[in-house]
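Written out below as structure tokens is the structure these notes cover.
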Amino acid sequence: MALSRILKELKFKEEDFKPKEHSWEYESKLGTLNFVELAGDTEEEINENFYKSHREIWNEDISELFVAIINDEDVLICDSKTKPDDVDPINTAKIRSFSGVNTPQAKRYLELLKKDSIDKGYFWEKFYCEIKKREREIKNANRLILIC
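Using the numbering used here, the letters of the sequence shown map in sequence onto residues 48 to 195.
Structural data, given as structure tokens:
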């Protein structure tokens, strides 16, 4: 498994990672973050690979988030604590997504995903709020289900 163009742009090297069956595990001093490189010719193939990767990360229960890179273009920041869903795997876990590098949003998130930003805590600071917000939304949705 070779590193994608995007991971190289984020200043990672292959030796920074512990390779897993379906992902790359990066352990900074502040936490563990998995990167999943997905390739596929069809949406079905990508969804199946995403599901397998998410299930592996979810079963390990080490990290709050993981990053999926689809066909070396689309980047997804995903919740690893959400139970993997084989029907709609990507939309179930996705917190944020962006494509390319030419939009302000993509530039901002790519800057946060750089190795140095993860090591210094900027990434974790930004996404801690996102995680807590998502947990509240899920809790509220579950409450509404119980009421009905």
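All C-beta atoms in this analysis are idealised placements derived from N, C-alpha and C, irrespective of residue type, glycine included.
Note that the structure is predicted; figures quoted are calculated from it, not measured.
How would you call Asp136, buried or exposed, if buried means at least 16 neighbouring beta carbons within 10 angstroms? Checking the sequence shown, residue 136 turns out to be Pro, not Asp. When all chains shown are included, Pro136 counts as buried.
Less than 9 Å between the C-beta atoms of Asn118 and Ala86, yes or no? Yes. Within cutoff.
Leaving out five residues on either side along the sequence, give the residues of the same chain with a beta carbon under 7 Å from the beta carbon of Lys128. By the criterion of a C-beta distance shorter than 7 Å, Lys128 is surrounded in its chain by Glu111, once the five residues flanking it on both sides are discounted.
Helix, strand or coil: which one does DSSP assign to Ala115? The answer is strand: DSSP assigns Ala115 an E or B state.
Phe213 to Ile194 span [Cα, whole Å]: The displayed coordinates of the chain run from 48 to 195. Any statement about residue 213 would go beyond what the structure contains.
Leaving out five residues before and five after Asn149 in sequence, what residues of the same chain have Cβ atoms less than 8 Å from its Cβ? For Asn149, where only same-chain residues beyond five positions count, there are no Cβ hits under 8 Å.
Taking all protein chains shown into account, do 16 or more other C-beta atoms lie within 10 angstroms of the C-beta of Glu84, making it buried, or fewer, making it exposed? Within a 10 Å sphere around the beta-carbon of Glu84 sit 16 or more other beta-carbons, which makes this residue buried.
For Arg53 and Val134, which I take to be in contact (beta-carbon distance under 8 Å), what is that distance rounded to the nearest angstrom? The sequence shown places Ile at residue 53, not Arg. At roughly 27 Å, the Cβ-Cβ gap does not stay under 8 Å, so Ile53 and Val134 are not in contact.
How about Leu77 and Phe113: do their beta carbons lie closer than 9 Å? Taking 9 Å as the Cβ cut-off, Leu77 and Phe113 do not qualify as a contacting pair.
Apply the 10 Å Cβ neighbour rule to Asp126 and answer buried if 16 or more other Cβ atoms are within range, or exposed otherwise. When all chains shown are included, Asp126 counts as buried.
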